[in-house]
Amino acid sequence: MQALLLEQQDGKTLAGVKPIEEAMLPPAEVTVDIDWSSLNYKDALAITGKGKIIREFPMVPGIDFAGVVRESADARFTPGQQVLLTGWGVGENHWGGLAETARVKADWLVPLPQGLDGRQAMIIGTAGFTAMLCVMALEEAGVRPESGEVLVTGASGGVGSTAVALLHNLGYQVVAVSGRESTHDYLRRLGASRIVGRDEFAESRPLEKQLWAGAVDTVGDKVLAKVLAQTNYGGCVAACGLAGGFALPTTVMPFILRNVRLQGVDSVMTPAPRRLEAWQRLVRDLPASFYEQSATEITLDQAPDFAEAIINNRAQGRTLVKIR
Ligand code: NDP
């Protein structure tokens, strides 16, 4: 089998497609032949070595994949069945999806939901799944289309793009924050009604004019601090990312004077029932046009170059990796 293999030499991460004996795959119940994977921000950090994602080398990265079960020692999965996987540390501490074959725990797999093929599942991937969890978090906090405008930061990225498309399709007025002029047409096509420059989110006071009923933040740091200061009384901010940094230079003011809720969103350890719910929602709530507008399809060999592009904020939307 072919796999993207990460090795370490003199503290540097080296990435290259290599032939691997299948016997080297980690032991687990289900063997999956992979058709599609994708590149997420975390994959880009791992492949470029810019983030401390991988602690044991060699490692096959790839935090998500879609494919077909070849062998299963677990009764829930049968050969020929289509499955997908996101998270659970796969591609971080267990060999992952940027390979022709993976061996994983049955508990980690999701049967491919009806109405979705493997390619579409990986256009969505971890990023899109996380966007859905963020939208669900806003809904659970009572943010409705009639509540007012909702903000999406890092809007042209994988999570941001999917959040814009989902929220627009659900009837929300979506305002997108982007650091790049070149993404504006794309964001309007996804459904953003307005676009605000990232530079407007550089500095903030503890409380500012109330502008947003809710927000999906993929950026963190000063941008998230500004979003919190501008969130309406009783609003909610779903925070899932750190593309701008992991700090949070804020005060308690939005929480204690405006009843603002800061809802963290993690996709890696999401329990199985919520996973199924989120995937079913994605089938229902993501418009067909999203799949054409938001994906750049690449091969396994191209993954290292595209990982660099993601880290350097040169990618747009989702990066889909065709494995077979
Ligand atoms: P992408 O690289 O696809 O998108 C990130 C976007 O953030 C970019 O497109 C850019 O948008 C913006 N951005 C990039 N660099 C900076 C910067 N220095 N300052 C401010 N904004 C910046 O990544 P993903 O969408 O895949 O992931 C987004 C974030 O969410 C990442 O931090 C990732 O780790 C996190 N994440 C978390 C998950 C969880 O389970 N909690 C799951 C998936 C992702 P623009 O150019 O439009 O401004």
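Residue numbers (this note's numbering): 23 to 346.
Ideal Cβ placement from N, Cα and C applies to all residues, glycine included.
Nothing here was measured: the structure is a model prediction, and the numbers come from that model.
For residue j and residue i, the rounded distance between their alpha carbons
{"i": "residue 324", "j": "residue 28", "result": "14 Å"}
{"i": "residue 233", "j": "residue 178", "result": "21 Å"}
{"i": "residue 242", "j": "residue 322", "result": "30 Å"}
{"i": "residue 211", "j": "residue 311", "result": "9 Å"}
{"i": "residue 198", "j": "residue 97", "result": "45 Å"}
{"i": "residue 165", "j": "residue 121", "result": "40 Å"}
{"i": "residue 315", "j": "residue 174", "result": "18 Å"}
{"i": "residue 186", "j": "residue 136", "result": "23 Å"}
{"i": "residue 271", "j": "residue 54", "result": "44 Å"}
{"i": "residue 139", "j": "residue 254", "result": "39 Å"}
{"i": "residue 86", "j": "residue 50", "result": "16 Å"}
{"i": "residue 202", "j": "residue 76", "result": "30 Å"}
{"i": "residue 46", "j": "residue 118", "result": "13 Å"}
{"i": "residue 356", "j": "residue 207", "result": "No answer is possible for residue 356: the residues shown for the chain start at 23 and end at 346."}
{"i": "residue 144", "j": "residue 300", "result": "14 Å"}
{"i": "residue 88", "j": "residue 128", "result": "14 Å"}
{"i": "residue 317", "j": "residue 26", "result": "21 Å"}
{"i": "residue 220", "j": "residue 81", "result": "35 Å"}
{"i": "residue 329", "j": "residue 335", "result": "10 Å"}
{"i": "residue 331", "j": "residue 294", "result": "32 Å"}
{"i": "residue 279", "j": "residue 333", "result": "37 Å"}
{"i": "residue 217", "j": "residue 265", "result": "18 Å"}
{"i": "residue 247", "j": "residue 223", "result": "9 Å"}
{"i": "residue 182", "j": "residue 44", "result": "36 Å"}
Below-8 Å beta-carbon distance, residue i vs any chain D residue
{"i": "residue 35", "result": "Checking the listed chains, one finds no chain D in this structure; it contains a single protein chain."}
DSSP bridge partner residues for residue i (one or two, in chain order)
{"i": "residue 219", "result": "200"}
{"i": "residue 344", "result": "58 and 321"}
{"i": "residue 116", "result": "112"}
{"i": "residue 232", "result": "Looking at the DSSP assignment, residue 232 forms no beta bridge with any residue, so it has no partner."}
{"i": "residue 34", "result": "31"}
{"i": "residue 239", "result": "261"}
{"i": "residue 24", "result": "41"}
{"i": "residue 52", "result": "94 and 126"}
{"i": "residue 121", "result": "25"}
{"i": "residue 245", "result": "Its beta-bridge partners do not exist; DSSP assigns none."}
{"i": "residue 106", "result": "88 and 132"}
Whole-angstrom C-beta distance between residue j and residue i, which should lie under 8 Å
{"i": "residue 195", "j": "residue 161", "result": "So it is not a contact: roughly 15 Å between Cβ atoms."}
{"i": "residue 83", "j": "residue 57", "result": "Going by Cβ atoms, the distance from residue 83 to residue 57 rounds to 17 Å, so no, they are not a contact pair."}
{"i": "residue 213", "j": "residue 191", "result": "7 Å"}
{"i": "residue 200", "j": "residue 188", "result": "Not really, about 17 Å apart at Cβ, beyond 8 Å."}
{"i": "residue 292", "j": "residue 320", "result": "The Cβ separation is near 27 Å, so there is no contact."}
{"i": "residue 113", "j": "residue 150", "result": "Their Cβ separation, rounded to whole angstroms, is 16 Å, which puts residue 113 and residue 150 out of contact at 8 Å."}
Cβ neighbours of residue i in the same chain (closer than 7 Å, five flanking residues each side left out)
{"i": "residue 101", "result": "91, 92, 93 and 94"}
{"i": "residue 267", "result": "242 and 243"}
{"i": "residue 131", "result": "52, 99, 105 and 107"}
{"i": "residue 205", "result": "178 and 338"}
{"i": "residue 298", "result": "132"}
{"i": "residue 34", "result": "71"}
{"i": "residue 345", "result": "56, 57, 58, 59, 122 and 322"}
{"i": "residue 281", "result": "255 and 256"}
{"i": "residue 307", "result": "188, 191 and 192"}
{"i": "residue 61", "result": "325, 328, 329, 332, 341 and 343"}
{"i": "residue 48", "result": "116, 117 and 125"}
Sequence-distant residues of the same chain with beta carbon closer than 8 Å to residue i, five excluded per side
{"i": "residue 287", "result": "152, 155, 156, 159, 260, 261 and 262"}
{"i": "residue 24", "result": "39, 40, 41, 42, 121, 122 and 322"}
{"i": "residue 36", "result": "28, 29 and 30"}
{"i": "residue 251", "result": "226, 227, 228, 229, 230, 272, 275 and 276"}
{"i": "residue 32", "result": "none"}
{"i": "residue 78", "result": "115"}
{"i": "residue 289", "result": "108, 109, 148, 151, 152, 155 and 262"}
{"i": "residue 302", "result": "135"}
Neighbourhood of residue i by C-beta distance below 6 Å, restricted to the same chain and skipping five residues each side
{"i": "residue 19", "result": "As displayed, the chain neither begins before 23 nor continues past 346, which places residue 19 out of reach and without an answer."}
{"i": "residue 163", "result": "258 and 283"}
{"i": "residue 146", "result": "304"}
{"i": "residue 169", "result": "235"}
{"i": "residue 67", "result": "73 and 75"}
> What runs of the beta strand (DSSP E), each 3 residues or longer, lie entirely inside the stretch 125-204?
Replying inline: Runs found: 172-174 and 196-200.
>> For a minimum of 3 consecutive residues, which ranges assigned as the beta strand (DSSP E) are wholly contained in the stretch 271-324?
In response: Within the stretch 271-324, the complete beta strand (DSSP E) runs of at least 3 residues are 283-286 and 317-321.
>> What ranges does the beta strand (DSSP E) occupy inside the stretch 60-95, keeping only unbroken runs of at least 3 residues that lie completely in it?
In response: The stretch 60-95 contains these whole beta strand (DSSP E) runs: 86-94.
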